[in-house]
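First comes the structure, then the notes that go with it.
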Amino acid sequence: MQKPKPKKVAKAKAAKPPAGQARRRYTRAEVEEIFRRFSVQRPEPKGELHHVNAFTLLVAVALSAQATDAGVNKATRPLFAVVDTPQKMLALGEERLGDAIKTIGLWRNKAKNVIALSQKLMDDFGGEVPRTREELVTLPGVGRKTANVVLSMAFGEPTMAVDTHIFRIANRLGLAPGKTPDAVEQALLKAVPPHYLKHA
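For reference, each letter of the sequence shown is one residue, going 18 to 217 in this note's numbering.
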């Protein structure tokens with residue numbers, strides 16, 4: 018009597034993560050290499066928004082929501098040549114500011130916020146841009162991302178501004194997965210080597 022042949026058992030293949038899902042965790046050495054390559058490509062990365070001081074940077078970033086940097090620069094370059102302090106912005110007024118930024122999306126609301134934040138800077142901060150996130154986010158039209166950009170670019174603080182692009186890429190690469198921009202920010206702050214955080 019012939020014995021039945023054993024059934025062939027297919028070898029289990031290593032499961033690939035579905036498209037769009039994060040890969041395995043990176044090693045510290047891999048993360049270091051990723052940022053080393055970034056630094057070779059752009060050794061001294063600079064923001065694209067035109068500004069002349071911390072106040073104009075704050076205004077430019079606030080205006081950049083749902084707008085292109087090029088569009089914001091087109092409006093702000095002539096504006097910042099004459100209006101570069103909260104006092105001058107208040108003297109300009111909401112109507113004339115609106116005229117100057119009409120080419121930027123949501124300009125009416127943004128003009129109102131810029132005048133309100135200028136007033137708050139005068140009333141609460143002696144006309145100076147505050148140097149902490151907690152104080153910056155009290156300004157009208159300023160959220161966490163805007164505050165982080167100002168802290169990093171104006172004051173050299175090691176922060177991470179997470180916009181829609183950073184959020185998507187950090188999740189896609191699996192470098193700093195998270196369900197919210199705040200979660201991705203916290204994951205990036207842990208993942209990015211400290212010596213690269215200033216220009217991250």
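All C-beta atoms in this analysis are idealised placements derived from N, C-alpha and C, irrespective of residue type, glycine included.
>> Measuring CB atoms only, is the region 76–95 touching the region 116–135, in the sense that at least three cross pairs come out at less than 8 Å?
In response: Counting Cβ pairs under 8 Å, three or more are found: they touch.
> Where does Asn126 land, buried or exposed, given buried means 16+ other C-beta within 10 angstroms?
Replying inline: exposed
> Could you give the uninterrupted runs of the alpha helix (DSSP H) lying entirely in the region 130–194, keeping only those of 4 residues or more?
Replying inline: You should have 150–153, 161–172, 181–190.
> Quick one, which of Glu49, Leu66, Thr176 has its alpha-carbon nearest Asp199's?
Replying inline: Thr176
> Can you list, in chain order, the stretches of the alpha helix (DSSP H) that have 4 or more residues and sit fully within the region 95–135?
Replying inline: 103–117
>> Just to check my reading of the structure: Phe52 and Pro210 have Cβ atoms closer than 8 Å, yes? What is that Cβ distance to the nearest angstrom?
In response: Confirmed, about 6 Å.
> DSSP state of Glu50, grouped into three classes?
Replying inline: helix
> Can you tell me whether Leu205 is buried or exposed, with buried defined as 16 or more other CB within 10 angstroms of its CB?
Replying inline: That one is buried.
> How would you label Val57, buried or exposed, when you count the other beta carbons within 10 angstroms and need 16 or more for buried?
Replying inline: exposed
> Three-state secondary structure (DSSP) at Gln83?
Replying inline: Three-state DSSP puts Gln83 in coil, outside helix and strand.
> By Cβ distance, which residues of its chain are closer than 7 Å to Gly115, with the 5 residues on each side in sequence left out?
Replying inline: These residues qualify, in order along the chain: Trp124, Arg125, Ala128.
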